[in-house]
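Structure first, commentary second.
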Amino acid sequence: MAKLKYHFIINCISFTFITLSISIIQSLNLIESIKVINIYQIFLMTTLVQVLMFFTNKLHITSTFLLIVVNLFNIFIVVFPLGYYFNLFDLSLSSVLIVTFLNVTSFFLIYLGSMIKNQCDASLINLKIEEMKNKSK
Numbered sequence: 058m059a060k061l062k063y064h065f066i067i068n069c070i071s072f073t074f075i076t077l078s079i080s081i082i083q084s085l086n087l088i089e090s091i092k093v094i095n096i097y098q099i100f101l102m103t104t105l106v107q108v109l110m111f112f113t114n115k116l117h118i119t120s121t122f123l124l125i126v127v128n129l130f131n132i133f134i135v136v137f138p139l140g141y142y143f144n145l146f147d148l149s150l151s152s153v154l155i156v157t158f159l160n161v162t163s164f165f166l167i168y169l170g171s172m173i174k175n176q177c178d179a180s181l182i183n184l185k186i187e188e189m190k191n192k193s194k
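Mapping of the sequence shown onto this note's numbering: residues 58 to 194, in sequence order.
What follows is the structure in structure tokens.
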């Protein structure tokens, strides 16, 4: 259940980050305005990516590099076919570059954030264990 909650939170963060990024790109007139239905489609895509990541994380991949490659692959096999199907972007070089940049950037920012959170949690747990050891002496 904890892993499901983790992926739900990551999905919400991903959706928010991508939606805000699209708003910024849109305000720079680099892309056309998106419709409300597109927001739902983006949420569907981020959810499908997280479902894929949930299952691929069960493969117990021990290499961090390989896990990053697999997760980026998960993103691209959802985003490009569905994004094109939903007419969120065309397959021009500029669109592909923008979509790739947006997805890779959001992945690494969210990955970095979760690594920092995990490190903080580990430090807090170690501190609690140390306090318990000191009390029992």
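From the three backbone atoms N, C-alpha and C, an ideal C-beta is built for every residue, glycine too.
Check: Is the Cβ-Cβ distance between residue 103 and residue 160 less than 7 Å?
Finding: Counting from 1 along the sequence shown, the entry for residue 103 is found at position 46. Counting from 1 along the sequence shown, the entry for residue 160 is found at position 103. Cβ distance not < 7 Å, so residue 103 and residue 160 don't count as in contact.
Margin query: Do residue 163 and residue 75 have their beta-carbon atoms positioned less than 7 Å apart in this structure?
Written below: The residue labelled residue 75 in the question sits at position 18 within the sequence shown. The residue labelled residue 163 in the question sits at position 106 within the sequence shown. Yes. Within cutoff.
Check: So what's residue 117 in DSSP terms, helix, strand or just coil?
Finding: On the sequence shown, position 60 is the one that residue 117 refers to. Coil, per DSSP.
Note to self: With three or more C-beta pairs closer than 8 Å as the rule, is the region 88–104 touching the region 135–147?
What the structure shows: yes
Check: Under three-state DSSP, which class holds residue 189?
Finding: The residue labelled residue 189 in the question sits at position 132 within the sequence shown. Residue 189 falls in the helix class under three-state DSSP.
Item checked: Residue range of the alpha helix (DSSP H) that includes residue 72 -> As a first step, residue 72 must be located in the sequence shown, where it is residue number 15. Segment 59–84, the alpha helix (DSSP H) holding residue 72.
Next item on the list: Figure out for me which residue from 64, 155, 191 and 73 has the closest Cα to the Cα of residue 106.
Entry: The residue given as residue 106 occupies position 49 in the sequence shown. The candidate whose alpha carbon is nearest that of residue 106 is 64.
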